[in-house]
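A quick write-up on the structure given underneath.
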Amino acid sequence: MSWNEFRLRFTTFSFLDSLTDSASGVFEVRARDPRRLLVWHPDAIEAIFRVDRRMGHLPSGTLGPLLGRQSLLWLDGPRHSLYRKALGPALSGRQLDGWRDIISGTVHSAVDALHPGAVVPLASWARSLTLRVISHLVFGRVEGELLTALRAWVEGVLGSRSRTLAYHYLRVHPSLLALRGTFHRLRPNLDRMLLASGRAAESRSLSALLLAEGPLAPLEDAELRDQLLSLLFAGHETTASATAWTLYLLSQHEEVQHDVLDEVSGTSADGWDAGELPLLHAVVQEAMRVCPPALVAGKRVPLKETELDGEVVRPGTVLTPCIYLAHHRPDEFASSERFDPRRFLDQRLPARHYLPFGGGTRRCLGSDLALREIRLVVAAVLRRRQLRCVNPGAGVRQLRGPTMAPSSRLRMEVTACRD
Ligand code: HEM
Numbered sequence: 003m004s005w006n007e008f009r010l011r012f013t014t015f016s017f018l019d020s021l022t023d024s025a026s027g028v029f030e031v032r033a034r035d036p037r038r039l040l041v042w043h044p045d046a047i048e049a050i051f052r053v054d055r056r057m058g059h060l061p062s063g064t065l066g067p068l069l070g071r072q073s074l075l076w077l078d079g080p081r082h083s084l085y086r087k088a089l090g091p092a093l094s095g096r097q098l099d100g101w102r103d104i105i106s107g108t109v110h111s112a113v114d115a116l117h118p119g120a121v122v123p124l125a126s127w128a129r130s131l132t133l134r135v136i137s138h139l140v141f142g143r144v145e146g147e148l149l150t151a152l153r154a155w156v157e158g159v160l161g162s163r164s165r166t167l168a169y170h171y172l173r174v175h176p177s178l179l180a181l182r183g184t185f186h187r188l189r190p191n192l193d194r195m196l197l198a199s200g201r202a203a204e205s206r207s208l209s210a211l212l213l214a215e216g217p218l219a220p221l222e223d224a225e226l227r228d229q230l231l232s233l234l235f236a237g238h239e240t241t242a243s244a245t246a247w248t249l250y251l252l253s254q255h256e257e258v259q260h261d262v263l264d265e266v267s268g269t270s271a272d273g274w275d276a277g278e279l280p281l282l283h284a285v286v287q288e289a290m291r292v293c294p295p296a297l298v299a300g301k302r303v304p305l306k307e308t309e310l311d312g313e314v315v316r317p318g319t320v321l322t323p324c325i326y327l328a329h330h331r332p333d334e335f336a337s338s339e340r341f342d343p344r345r346f347l348d349q350r351l352p353a354r355h356y357l358p359f360g361g362g363t364r365r366c367l368g369s370d371l372a373l374r375e376i377r378l379v380v381a382a383v384l385r386r387r388q389l390r391c392v393n394p395g396a397g398v399r400q401l402r403g404p405t406m407a408p409s410s411r412l413r414m415e416v417t418a419c420r421d
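So the sequence shown is numbered by our numbering: it starts at 3 and just counts up by one.
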């Protein structure tokens, strides 16, 4: 491991923050083969996304073993395209509208449970809500026992920095099999439940789409398991972080919160359509700019020589588009640390500058679902409850693998019920 790789892994935020003022936007993290570059210059990001189809895509060091080697998150070639064709339409547009009542009902039940006087761990509350939503989409219903096992498994791996590092490194040391067993003891049971729920899923669910007669069939157990786990994980972890960050940032910016509440109260719109609540939408976008739930997009590997920002990059070089650094470029976002949703009012930023959902041929398949869901939650919470952050000092960034959530210590008190 090179010194810069060490800094990136063990002192992630101070290392990334030390790069925000760099005008270059391409940083060599490792010189030896495979050479590794962190990329956030707009031209370089655009160049990568433009030729994405001709790149290889590598699993993340932590998520790879967690989600499985056949996960559609890093599958390449025709099979990857088949997955996108099978799932993409169901996760956007009219087909997503078909899930609106169920998603809204799930959101409102979670808000019902916020009783006045209660003190709620924000990130965990958001995770349990978004996991129920994605379970509906994947299986057509909430699979309670499976979700409990999944949360235990994910917390065991990503719940703290030390657990993530232990999972990342100890997993590969045969001499530490006893410790390895601790991480893996939940896995077989989880896999069994995933396959049973997946094969019994309702007909319009994502799982049923994967299993339908067609070019993906027949799907073997191992591959099905990897996709179900990937959809459940990708479909809840980052959405929960973005929801929690948005609610936390609003609690710390009373004027903005007041304006959003005014917007929400002045209409019966629930947030499903961005155009009906433009300030709320801008708030969610700005929250994801300041605190992107995914720090980096997936790793890209050019298969032949590629020009990047004036430099010819050799095949095999690992390119990691850095969302966090792109969102904090001072030349694009003045006072980039400031939470200022007006940046997004009446303006759409291209993926070269703003890429919470990545881009190119791997752009997040769930972005439409995620944005609608986050707006629904924030609108419902503001309309129906008054929250106060009990410990704003805990609103600090916590790494969960390559994703970034507010600290699990962050608590909100429900100070009033507006129903
Ligand atoms: C705020 C919430 C979310 C954020 C910030 C987010 C972010 C991302 C990012 C950065 C990528 C990698 C893109 C790239 O490498 O260029 C990705 C991929 C993906 N996301 Fe999301 N995501 C979110 C919610 C969701 C949801 C709700 C789903 C629903 C199933 C989902 C499913 C996926 C899938 C399947 C991929 C892999 C796409 C591919 O490789 O072709 N995501 N997401």
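Here a beta-carbon is modelled for each residue, glycine too, at the ideal position from N, C-alpha and C.
N-terminal and C-terminal residue of the alpha helix (DSSP H) that L251 is part of: On the sequence shown, position 249 is the one that residue 251 refers to. In the DSSP annotation of this structure, the continuous segment of the alpha helix (DSSP H) that includes L251 starts and ends at E239 to Q254.
Under 8 angstroms between C-beta atoms of S106 and L282: For this step, residue 106 is matched to residue 104 along the sequence shown. For this step, residue 282 is matched to residue 280 along the sequence shown. Cβ distance not < 8 angstroms, so S106 and L282 don't count as in contact.
Cβ-Cβ distance between L148 and L196 below 8 angstroms: Here residue 148 is taken as the residue at index 146 of the sequence shown, counted from 1. Here residue 196 is taken as the residue at index 194 of the sequence shown, counted from 1. Contact: yes.
As assigned by DSSP and simplified to three states, the class of E30: As a position in the sequence shown, residue 30 is number 28, starting the count at 1. In the three-state reduction of the DSSP assignment, E30 falls in the strand class.
A418 (DSSP reduced to helix, strand or coil): Position 416 of the sequence shown holds residue 418. Three-state result, A418: strand.
V122, DSSP secondary structure in three states: Reading the sequence shown from its first residue, position 120 is the one you call residue 122. For V122, the secondary structure class from DSSP, reduced to helix, strand or coil, is strand.
Collapsed DSSP secondary structure at P408 in the structure displayed: The sequence position of residue 408 within the sequence shown is 406, counting from 1. P408 falls in the strand class under three-state DSSP.
Rounded straight-line distance, which links the Cα of S137 to that of I104: Counting from one through the sequence shown, the residue named residue 104 turns up at place 102. Counting from one through the sequence shown, the residue named residue 137 turns up at place 135. Rounded to whole angstroms, the separation of the alpha carbons of S137 and I104 is 11 angstroms.
N- and C-terminal bounds of the beta strand (DSSP E) containing P323: The count along the sequence shown starts at 1 and reaches residue 323 at position 321. V320 to P323 is the span of the beta strand (DSSP E), which, as asked, contains P323.
Cα-Cα separation between E225 and P190, rounded to whole angstroms: Start at 1 with the first residue of the sequence shown, and residue 225 comes out as number 223. Start at 1 with the first residue of the sequence shown, and residue 190 comes out as number 188. Per the coordinates, the alpha-carbon of E225 lies some 15 angstroms from the alpha-carbon of P190.
Neighbour-count burial assignment, V121, 16 or more Cβ in a 10 Å radius: Counted from its first residue, the sequence shown places residue 121 at position 119. Counting every other CB atom within 10 Å of its CB across the protein chains shown gives V121 a total below 16, marking it as exposed.
Limits of the alpha helix (DSSP H) - the one that K306 falls within: Against the sequence shown, residue 306 aligns to sequence position 304. Where K306 is concerned, there is no enclosing alpha helix (DSSP H), given that its DSSP letter is neither H nor E.
Member of L133, L89, R96 and R340 whose CA lies at the smallest distance from the CA of L152: As a working mapping, residue 152 is identified with position 150 in the sequence shown. Comparing Cα-Cα distances from L152 to each of L133, L89, R96 and R340, the minimum goes to L133.
Inter-residue spacing [alpha-carbon to alpha-carbon] between G95 and W101: Locating residue 95 in the sequence shown gives position 93, where the first residue counts as 1. Locating residue 101 in the sequence shown gives position 99, where the first residue counts as 1. Going from the Cα of G95 to the Cα of W101 covers about 11 angstroms.
beta-carbon A125 near the ligand HEM non-hydrogen atom, thresh 7 angstroms: To locate residue 125, count along the sequence shown from 1; it is residue 123. Not under cutoff, so the answer is no.
Any non-hydrogen atom of the ligand HEM within 7 angstroms of A407 CB: In the sequence shown, counting from the first residue as 1, residue 407 sits at position 405. The answer is no for A407.
Validate contact between the segment 339–348 and the segment 36–44 using beta carbons, cut 8 angstroms, 3 pairs: They do not touch, by the three-pair rule.
Proximity test, S369 beta-carbon vs the ligand HEM heavy atom, cut-off 7 angstroms: Taking the sequence shown and counting its residues from 1, the one referred to as residue 369 is at position 367. In this structure, the C-beta of S369 approaches the ligand HEM to less than 7 angstroms from one of its heavy atoms.
Distance between P317 and R32 (C-alpha atoms, nearest Å): Residue 32 sits at position 30 when you count from the first residue of the sequence shown. Residue 317 sits at position 315 when you count from the first residue of the sequence shown. A straight line joining the alpha-carbon of R32 with that of P317 spans about 15 angstroms.
Nearest-angstrom Cα separation, counted from D228 out to D78: Taking the sequence shown and counting its residues from 1, the one referred to as residue 78 is at position 76. Taking the sequence shown and counting its residues from 1, the one referred to as residue 228 is at position 226. The straight-line gap from Cα to Cα measures roughly 15 angstroms.
Nearest-angstrom beta carbon gap, G403 and T22 [assumed within contact, 8 angstroms]: Looking up residue 22 in the sequence shown gives position 20. Looking up residue 403 in the sequence shown gives position 401. Rounded to the nearest angstrom, the Cβ distance from T22 to G403 is 22 angstroms, too far for a contact under 8 angstroms.
Buried versus exposed, by CB contacts within 10 Å (16 or more), W5: Counted from its first residue, the sequence shown places residue 5 at position 3. By the 10 Å Cβ count, W5 comes out exposed.
Residue range of the unbroken beta strand (DSSP E) whose run includes H82: Within the sequence shown, the letter at position 80 stands for residue 82. Premise fails: H82 lies in the alpha helix (DSSP H), G79 to L89, not in any beta strand (DSSP E).
Neighbour-count burial assignment, K301, 16 or more Cβ in a 10 Å radius: Within the sequence shown, the letter at position 299 stands for residue 301. Buried: at least 16 other Cβ atoms inside 10 Å.
I136 CB to nearest heavy atom of the ligand HEM below 7 angstroms: Counting from one through the sequence shown, the residue named residue 136 turns up at place 134. At least one heavy atom of the ligand HEM is found less than 7 angstroms from the C-beta of I136.
Per-residue DSSP class, three states only, for V53: Here the question's residue 53 lines up with position 51 in the sequence shown. In this structure, V53 counts as coil in the three-state DSSP scheme.
Residue interval of the beta strand (DSSP E) (run including V144): As a working mapping, residue 144 is identified with position 142 in the sequence shown. Taken as a continuous stretch (DSSP letters only), V144 belongs to no beta strand (DSSP E), as it is neither H nor E.
Distance CB(P304)-CB(T322) smaller than 8 angstroms: Counted from its first residue, the sequence shown places residue 304 at position 302. Counted from its first residue, the sequence shown places residue 322 at position 320. Contact: no.
Of the residues P91, L89, H117 and A46, the one placed nearest T417, counting alpha carbons only: Counting from 1 along the sequence shown, the entry for residue 417 is found at position 415. Closest by alpha carbon: H117.
Coil, strand or helix - R9 by DSSP: Residue mapping note: residue 9 aligns to position 7 of the sequence shown, counting from 1. R9: helix per DSSP, three-state reduction.
Endpoints, the beta strand (DSSP E) within which V392 is located: Here residue 392 corresponds to residue number 390 of the sequence shown, with the count starting at 1. For V392, no beta strand (DSSP E) segment is defined, and its DSSP state is neither H nor E.
L412 vs L89 beta-carbon contact at 8 angstroms: Against the sequence shown, residue 412 aligns to sequence position 410. Against the sequence shown, residue 89 aligns to sequence position 87. It is not a contact, given that the beta carbons lie outside the stated cut-off.
Helix, strand or coil at G200 according to DSSP, with G and I counted as helix: Here residue 200 corresponds to residue number 198 of the sequence shown, with the count starting at 1. Three-state result, G200: helix.
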